[in-house]
Amino acid sequence: MVSIANKKPTSRSATATTLLLFSHYGTYGVLFASRLRKGDALAVARIAGIQAAKKTSDLIPLAHPGLNITGATVRLEPFMTDKLPYPLSEGKGDVGIPSDMDRLFGGVLVTATVACEGKTGVEMEAITAASMAGLTMYDMLKGVDKEMVLTATRVTAKSGGKSGDWEWDYKLGRRICLSASPETGSNGILSDVAGQQIEQGVVEQDRLLKQQRTQQAVSQRREESSTTGQISAEDLADWRTRRLRKLHATRKSDARGPATAGQGQGQGESTSTSTGTDKD
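1 is the number of the first residue of the sequence shown in full-length UniProt numbering; add one for each residue after it.
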């Protein structure tokens, strides 16, 4: 087993789920009709799950024994519709339903939560409790349904410890960080692989968002340019040619101006002299 001698006891908890699927609608009716030979399936499965949480180290060879478990709850939620119960109904795509099941006939969603004051987490205790409760339900109902399926077994939430608090998001199909543990430092950066993956995901989302905004801005500028009359390369070259011609014509006109004025002045003086001679 991994040594936890140097760790400090902290408050920890974990939640796990498993899903029992019926193969026909009749199983749901038998579950609540009190016709099972072995008794109340829901009550027996609940106690079996709690007992399994306390006996996890006896069932899992390398699980740490002697955890100071402060609480254990097992909730069983039967459903008879072809729709999965919440939060499985929030999932997109595959949530653990076998590919050979073309429709659902109801089932039981098992949720187990275990808490402790200890040096290590209770994820194994929670998932063992959920699994044992599901197995007990299968044992209680196998007399009336031979084709039931146990699936979608996973840890769905965890709090306390070095990796901080997280939960499984069925919409995203991955776990998300809720808060960082004080053990990771004041900056709140997770030191585990999952935390690094989450951080990388956020950076990638920011990059894609900036890229999208840039593309939108470029598209908007293009639309504005087309509305106001965007100048093409040919138009710009033509405008420059016309400007140079106009400038050349202006300079040529300025160069001719003084000579023309001088000729006019000389003709005026000649006329004046001739007139004066006539007067004399």
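C-beta atoms are modelled at their ideal positions from N, C-alpha and C, and glycine is treated no differently.
*Tell me whether the beta-carbon of A133 lies closer than 9 Å to the beta-carbon of V74.*
The residue given as residue 133 occupies position 133 in the sequence shown. The residue given as residue 74 occupies position 74 in the sequence shown. Yes, they are a contact pair.
*Strand pairing of R174, partner residues [DSSP]*: For the purposes of this step, residue 174 is taken as the residue at position 174 of the sequence shown. According to DSSP, R174 bridges with D169.
*How about V144 and V30: do their beta carbons lie closer than 9 Å?*
By 1-based counting over the sequence shown, the position of residue 144 is 144. By 1-based counting over the sequence shown, the position of residue 30 is 30. Yes. Within cutoff.
_Residue burial classification, S11 (beta-carbon count within 10 angstroms, cutoff 16)_ = Taking the first residue of the sequence shown as position 1, residue 11 is located at position 11. Exposed.
*Local conformation of G118 per DSSP, three classes*: On the sequence shown, position 118 is the one that residue 118 refers to. Looking at G118 - three-state DSSP - the assignment turns out to be strand.
*Pick from K8, M80 and K162 that is closest to F32, judged by C-alpha positions*: Position 32 of the sequence shown, counted from the start, is the residue given in the question as residue 32. The option with the nearest alpha carbon to F32 is M80.
*Would you call the stretch 102-122 and the stretch 16-28 touching, i.e. three or more CB-CB distances under 8 Å?*
yes
*Residue(s) in a DSSP beta bridge with T17*: In the sequence shown, residue 17 corresponds to position 17, counting from 1. According to DSSP, T17 bridges with T111 and R154.
*Mark R46 as exposed unless 16 or more other C-beta atoms lie within 10 angstroms of its C-beta, in which case mark it buried.*
As a first step, residue 46 is located in the sequence shown; it is residue number 46 there, counting from the start. Buried, because 16 or more other Cβ atoms sit within 10 Å of the Cβ of R46.
*Take A52 and list the residues in its own chain whose beta-carbon comes closer than 6 Å to its own, dropping the five residues that flank it on each side.*
The residue given as residue 52 occupies position 52 in the sequence shown. Only T128, A129 and M132 meet the Cβ criterion.
_Within 9 Å, strictly: CB atoms of M140 and G49_ = Within the sequence shown, residue 140 is the residue found at index 140, counting from 1. Within the sequence shown, residue 49 is the residue found at index 49, counting from 1. Their beta carbons are not under 9 Å apart, which means M140 does not touch G49 by this criterion.
*asked:* In the DSSP assignment, the beta strand (DSSP E) including V74 goes from what residue to what residue?
replied: One-based indexing of the sequence shown puts residue 74 at position 74. That run of the beta strand (DSSP E) goes I69 to F79.
*R128 bridges to which residues according to DSSP?*
Residue numbering aside, residue 128 sits at position 128 when the sequence shown is read from its first letter. It should be noted that the sequence gives Thr, not Arg, for residue 128. According to DSSP, which records beta bridges pairwise, T128 is partnered with nothing at all.
*Could you name the residues of the same chain whose beta carbon sits closer than 7 Å to that of M1, not counting the 5 residues immediately before and after it, in chain order?*
Within the sequence shown, residue 1 is the residue found at index 1, counting from 1. Closer than 7 Å at the Cβ level, and outside the excluded window around M1, lie L62 and H64.
*Take P98 and list the residues in its own chain whose beta-carbon comes closer than 7 Å to its own, dropping the five residues that flank it on each side.*
On the sequence shown, position 98 is the one that residue 98 refers to. The residues are V149 and T151.
*Can you list, in chain order, the residues of its chain whose CB lies under 6 Å from that of D169, leaving out five sequence neighbours each side?*
As a working mapping, residue 169 is identified with position 169 in the sequence shown. Cβ neighbours of D169 beyond the five flanking positions: I176.
*Measure the CB-CB distance between A5 and V114 and report whether it falls below 9 Å.*
By one-based count along the sequence shown, residue 5 stands at place 5. By one-based count along the sequence shown, residue 114 stands at place 114. No, Cβ-Cβ distance for A5 and V114 is not below 9 Å.
*Along the chain, where does the alpha helix (DSSP H) that runs through R46 open and close?*
Here residue 46 is taken as the residue at index 46 of the sequence shown, counted from 1. That run of the alpha helix (DSSP H) goes A41 to K54.
*Can you give the Cα-Cα distance for K142 and V44, rounded to whole angstroms?*
Along the sequence shown, one-based indexing puts residue 142 at 142. Along the sequence shown, one-based indexing puts residue 44 at 44. Going by the C-alpha atoms only, they are around 14 Å apart.
*Where the alpha helix (DSSP H) through L62 begins and ends*: Taking the sequence shown and counting its residues from 1, the one referred to as residue 62 is at position 62. Note, L62: premise wrong, no alpha helix (DSSP H); not H, not E.
*Closest to L135 by CA distance: which of T153, G118, Q220 and K162 is it?*
Counting from 1 along the sequence shown, the entry for residue 135 is found at position 135. Considering only alpha carbons, the answer is T153.
*Which class does R256 belong to by DSSP, given the choice of helix, strand or coil?*
Stepping through the sequence shown from its first residue, residue 256 is reached at position 256. Here R256 sits in helix by DSSP.
_Cβ-based neighbour list, S89, same chain, cut-off 7 Å, excluding 5 preceding and 5 following_ = One-based indexing of the sequence shown puts residue 89 at position 89. So the qualifying residues of the chain are K83.
*C-beta atoms of L67 and E125 nearer than 9 Å*: Residue mapping note: residue 67 aligns to position 67 of the sequence shown, counting from 1. Residue mapping note: residue 125 aligns to position 125 of the sequence shown, counting from 1. Yes; because the gap between Cβ atoms is below 9 Å, this pair is in contact.
*Starting from G29 and walking both ways along the alpha helix (DSSP H), at which residues does that stretch end?*
Reading the sequence shown from its first residue, position 29 is the one you call residue 29. That run of the alpha helix (DSSP H) goes G26 to L31.
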